[in-house]
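Asker: So the sequence shown is numbered by our numbering: it starts at 5 and just counts up by one. Note that CB positions come from ideal geometry on N, CA and C, so glycine has one too. The model shown is predicted, which means the values in this text are computed figures rather than measured ones. First, the structure itself, so that you have it in front of you.
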Amino acid sequence: METKAPIYAPGLAGIAAAKTRKSRIDGERGELLVCGYRVEDFAERANFEEIIFLLLHDRRAAPEELAAFIRELTALREAPPEVLALIQAAVRQGAPIIDALRMGSAALSLGQTSSDPFVEARRVIAAYPTLVACASRAARGLAAISPRADLDHAANFLYMLHGDAPSAAHVRALHTYWNTVADHGLNPSTFAARVIASTRSDMISALTGALGALKGPLHGGAPGPALDLVFEIGQAERAEEVIHARLMRGERLMGFGHRLYRVRDPRAEVLARAAEQLYADDAELNALYRLALAVEQTALRLLQAHKPERVLQTNVEFYTALVLHGLGLPSEMFTPVFACGRAAGWAAHALEQRLQRFERSLRPDAIYEGATDLKWAE
Ligand code: ACO
5 METKAPIYAP GLAGIAAAKT RKSRIDGERG ELLVCGYRVE DFAERANFEE IIFLLLHDRR
65 AAPEELAAFI RELTALREAP PEVLALIQAA VRQGAPIIDA LRMGSAALSL GQTSSDPFVE
125 ARRVIAAYPT LVACASRAAR GLAAISPRAD LDHAANFLYM LHGDAPSAAH VRALHTYWNT
185 VADHGLNPST FAARVIASTR SDMISALTGA LGALKGPLHG GAPGPALDLV FEIGQAERAE
245 EVIHARLMRG ERLMGFGHRL YRVRDPRAEV LARAAEQLYA DDAELNALYR LALAVEQTAL
305 RLLQAHKPER VLQTNVEFYT ALVLHGLGLP SEMFTPVFAC GRAAGWAAHA LEQRLQRFER
365 SLRPDAIYEG ATDLKWAE
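Have a look at this one:
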């Protein structure tokens with residue numbers, strides 16, 4: 005009997021591999037819904053804890069539920085000392101912060117684990133900022149700072165990084181950023197988390213695998229290079245020359261293009277506003293914001309001329325870079341801080357995949373292109 009040839013879809017584009025209640029992207033209209041809410045409706049108003057609850061439970065928390073949820077998350081912020089020691093050792097040996105986070109994430113199995121995947125989801129989401137702050141401080145030769153229970157998720161992270169209570173503007177910007185990137189359909193890292201969860205593996209494995217997928221420059225590794233481009237250009241008048249040269253060399257412009265969006269990524273819109281607010285009172289930062297706007301306009305014009313058949317618009321990474329730079333974070337921190345936000349989406353999808361009991365494990369086909377007639381000579 006002849007076997008049926010599998011459908012080949014490069015990049016799995018157009019193939020639905022899961023049913024989800026978490027988020028929906030409409031790339032033609034530039035719309036992102038998270039559990040039914042438009043991203044621009046909640047991102048600048050909610051605290052990140054509310055969006056974590058929304059994603060894990062598919063509904064908004066009632067006020068007393070939210071208070072209890074925040075207490076639980078807060079209690080789970082501490083990471084086991086062995087994990088912090090591992091992260092510090094990794095950074096001392098020159099590991100990038102994102103790799104130290106990945107190692108620390110896997111090592112969270114050393115802590116007090118639970119067989120309840122919801123508890124595990126909360127534990128990992130709560131611990132990631134602690135791990136990232138520890139890695140960042142180790143990179144600066146500083147000891148880790150313990151979390152503070154009187155600060156919210158964003159404020160506590162900034163406190164653990166810098167050692168002093170952050171300004172309200174910085175805390176607001178970080179909540180907005182994390183809300184904006186918390187979930188985004190079946191992107192590569194979320195897909196990786198679902199593949200792992202589909203085998204009934206554990207939450208720590210699912211999120212650690214997702215981290216590995218996130219760090220690539222075609223996914224979550226782009227904001228650093230996107231900001232580098234703005235710095236390299238330095239003055240709006242040079243934008244045309246520098247960008248043109250890059251495109252002529254066949255390079256991709258980081259922060260532009262998206263698999264799904266054919267109009268401006270709605271998250272770029274939210275983060276552009278957040279950056280503008282964050283930069284408003286600082287003349288130097290404001291000048292950088294204006295330069296970034298000029299770079300964006302030039303890049304869009306040149307990309308259109310370079311690839312007229314393809315709609316290449318600004319993606320979330322471009323303005324992510326500006327917001328995180330405004331929070332005083334170096335570019336090495338951009339992807340790890342992104343991971344702290346996206347961890348909510350990873351955990352929500354992994355839980356959803358696990359709870360769909362009758363779903364099969366995710367297992368696409370491959371078309372074999374190798375030899376078929378070789379003989380194994382003695
Ligand atoms: N700059 C220049 N050319 C580009 C860009 C870009 N940013 N993006 C796509 N193109 C070109 C490609 O070179 C390709 O040209 P070719 O057909 O001559 O080879 C064509 O457009 C189509 O490219 P694909 O990779 O097939 O497009 P896809 O939709 O799969 O890619 C991606 C999306 C990976 C984001 C791509 O646009 C890219 O590499 N952008 C730069 C990296 C980036 O910003 N990544 C962050 C994405 S957002 C996120 O993941 C959180």
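In the DSSP assignment, find the unbroken alpha helix (DSSP H) run with S193 in it and report its ends.
Answerer: Taken as a continuous stretch (DSSP letters only), the alpha helix (DSSP H) holding S193 covers P192 to S202.
Asker: Quick check: what's the CA-CA separation for F195 versus G238?
Answerer: Near 37 Å, if we compare the C-alpha coordinates of G238 and F195.
Asker: Less than 7 Å between the CB of M398 and some heavy atom of the ligand ACO, yes or no?
Answerer: In the structure as shown, the chain begins at 5 and stops at 382. Residue 398 is therefore absent and cannot be evaluated.
Asker: Are the segment 94 to 104 and the segment 77 to 86 touching by the rule of at least three beta carbon pairs closer than 8 Å?
Answerer: The segment 94 to 104, when compared against the segment 77 to 86, does not touch it at the 8 Å Cβ threshold.
Asker: For V320, I'd like the list of residues in its chain whose CB is within less than 6 Å of its CB, leaving aside the five on either flank, ordered along the chain.
Answerer: Same-chain partners within the cutoff: D269, R271 and A272.
Asker: Relative to the C-alpha of G98, which residue among A139, S118, R127 and L114 is closest?
Answerer: Comparing Cα positions, the closest option is A139.
Asker: Please list the terminal residues of the continuous beta strand (DSSP E) segment that includes D103.
Answerer: Note, D103: premise wrong, no beta strand (DSSP E); alpha helix (DSSP H) at I101 to A111.
Asker: On the criterion of 16 or more Cβ atoms from any shown chain inside 10 Å, does E300 qualify as buried, or is it exposed?
Answerer: Looking at its Cβ environment, which holds 16 or more other Cβ atoms inside 10 Å, E300 is buried.
Asker: Can you find the residues in the same chain that come closer than 6 Å, C-beta to C-beta, to L292, ignoring five residues on each side of it along the sequence?
Answerer: Cβ neighbours of L292 beyond the five flanking positions: none.
Asker: Can you find a heavy atom of the ligand ACO that lies under 7 Å from the Cβ of R253?
Answerer: R253 Cβ: outside cutoff for every heavy atom of the ligand ACO.
Asker: State the start and end residues of the unbroken beta strand (DSSP E) segment that holds L37.
Answerer: Unbroken beta strand (DSSP E) run through L37: E35 to V38.
Asker: Whether or not the segment 348 to 366 and the segment 187 to 201 are in contact is what I'm after, with contact meaning three or more pairs of Cβ atoms, one per stretch, closer than 8 Å; do they touch?
Answerer: Result yes; three or more Cβ-Cβ pairs closer than 8 Å.
Asker: A343 and L60 - do their beta-carbons sit closer together than 8 Å?
Answerer: Their beta carbons are not under 8 Å apart, which means L60 does not touch A343 by this criterion.
Asker: Please work out which residues of its chain come closer than 7 Å, Cβ to Cβ, to S276, disregarding the five sequence neighbours upstream and downstream, and give them in chain order.
Answerer: Contrary to the premise, residue 276 reads as Ala rather than Ser in this sequence. So the list reads Y323, once near-sequence residues are dropped.
Asker: Between T203 and E48, how many whole angstroms is the CB-CB distance? I'm expecting something under 8 Å.
Answerer: No, T203 and E48 are not in contact; Cβ-Cβ is about 38 Å, not under 8 Å.
Asker: For A177 and L282, which I take to be in contact (beta-carbon distance under 8 Å), what is that distance rounded to the nearest angstrom?
Answerer: About 5 Å separates the two Cβ atoms, so the contact holds.
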